[in-house]
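Q: Per UniProt numbering, residue 1 is the first one in the sequence shown, and the count goes up by one each step. Beta carbons: idealized from backbone N, C-alpha and C, even for Gly.
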Amino acid sequence: MSKELNLRQRRWLELIKDYDCTIEYHPALLNELRGSKAVVTTEDSGSLLAQFQVRSSLVTEIVRRQSEDSNLHKKFEKSKKGLEVEFELRTVGAIVKQRRLCVPNISELKNAILEEAHSSAYAMHPGSTKMYITLKKTYWWSGMKQEIAEYVDRCLICQQVKPVRQRLGGFLNPLPVPEWK
């Protein structure tokens with residue numbers, strides 16, 4: 001039973017074609033690995049099954065540079081006094097808001113996050129809404145949604161493939177020709 005691959009599957013196939021691997025289908029109801037973060041098992045056949053999560057290399061950079069943002073530290077100090085309960089300090093020294101890593105107000109750092117989430121081979125230029133939903137699971141900064149929308153609006157590739165939603169122009173009416181005297 002040969003099934004035609006959809007566009008997303010073809011893009012993933014293009015990405016992993018150079019690797020020596022075998023892809024096997026496991027129905028969700030029979031898959032015992034659901035809900036686990038990382039599992040590695042070996043079977044009698046000698047094959048290795050692994051499930052992993054990709055972690056951004058920017059996380060350590062964000063934690064390191066959080067001390068440069070004075071507004072972020074003011075909000076954290078308010079939370080320590082009980083004025084704001086949203087911010088807390090994790091054991092690794094990272095300031096988080098509702099389990100999301102707080103990004104300092106450093107434009108080069110924000111642009112690196114936005115570029116990784118938008119232009120990397122895995123992201124494939126999502127729109128501003130999808131990109132915001134993805135990023136808000138991990139990161140937080142003030143004005144995040146607006147900055148993401150502005151970043152996507154500036155993307156040349158996204159603007160070129162964006163569908164035209166404007167109504168087509170009507171018929172052109174000819175101008176009256178003046179009398180020649």
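(1) Taking 7 Å as the limit between beta carbons, can you name the residues of its chain near residue 123, skipping five residues before and five after?
(2) Please say whether residue 93 and residue 63 have beta carbons closer to each other than 9 Å?
(3) Could you tell me how far apart the beta carbons of residue 86 and residue 79 are, in whole angstroms, since I believe they sit closer than 8 Å?
(4) Rounded to the nearest angstrom, what separates residue 150 and residue 130 at their Cα positions?
(5) Using 8 Å as the Cβ pair cut-off and three pairs as the minimum, do the stretch 132–144 and the stretch 164–173 touch?
(6) What residue does the beta strand (DSSP E) around residue 108 start on, and which one ends it?
(7) Spatial neighbours of residue 14 within its chain, please: C-beta separation below 8 Å, excluding the five flanking residues on both sides.
(8) Applying the criterion that 16 or more other CB atoms from any shown protein chain within 10 Å of the CB defines a buried residue, is residue 38 buried or exposed?
(9) By alpha-carbon positions, which one of 75, 65, 178 ends up nearest to residue 192?
(10) State the Cα-Cα distance for the pair residue 84 and residue 120, rounded to the nearest angstrom.
(11) For residue 12, which of helix, strand or coil comes out of DSSP?
(12) Of all the options 180, 90, 61, which has the alpha carbon lying nearest to the alpha carbon of residue 106?
(13) Taking only the alpha-carbon atoms, compute the straight-line gap between residue 154 and residue 3 and give it to the nearest angstrom.
(14) Applying the criterion that 16 or more other CB atoms from any shown protein chain within 10 Å of the CB defines a buried residue, is residue 157 buried or exposed?
(15) What's the gap between the Cα of residue 8 and the Cα of residue 125?
(16) In whole angstroms, what is the alpha-carbon distance linking residue 176 and residue 11?
(17) With H, G and I counted as helix, E and B as strand and the rest as coil, what does DSSP make of residue 151?
(18) Let me make sure I understand the geometry here. Which of 127, 103, 20 has the alpha-carbon closest to that of residue 163?
(19) In the DSSP assignment, find the alpha helix (DSSP H) that holds residue 164 and state where it starts and stops.
A: To lay it out plainly:
(1) Within the same chain, and ignoring the five residues on either side of residue 123 in sequence, the residues whose Cβ sits closer than 7 Å to its Cβ are 117.
(2) It is a contact, given that the beta carbons lie within the stated cut-off.
(3) About 6 Å separates the two Cβ atoms, so the contact holds.
(4) When rounded, the distance between both Cα atoms is 14 Å.
(5) At 8 Å Cβ cutoff, the stretches do not touch.
(6) Where residue 108 is concerned, there is no enclosing beta strand (DSSP E), although the alpha helix (DSSP H) it sits in stretches over 107–119.
(7) Excluding positions up to five away in sequence, the list is empty.
(8) Reliability fails at residue 38, whose pLDDT of 47 lies under 50, so the model's placement of it is uncertain and no value is given.
(9) Given that the chain is displayed from residue 1 to residue 181, the structure contains no residue 192 and the question cannot be resolved.
(10) Whole-angstrom Cα-Cα distance: 36 Å.
(11) Here DSSP, grouped into helix, strand and coil, assigns residue 12 to helix.
(12) The residue among 180, 90, 61 with its C-alpha nearest the C-alpha of residue 106 is 61.
(13) When only Cα atoms are considered, residue 154 and residue 3 end up about 38 Å apart.
(14) Per the 10 Å Cβ criterion, exposed.
(15) Approximately 13 Å between the Cα atoms of the pair.
(16) Looking at the backbone, the Cα of residue 176 and that of residue 11 are separated by about 55 Å.
(17) Residue state for residue 151 is assigned as helix, using DSSP reduced to three classes.
(18) Ranked by Cα distance from residue 163, the options 127, 103, 20 are led by 127.
(19) That residue, residue 164, is in no alpha helix (DSSP H); it is neither H nor E in DSSP.
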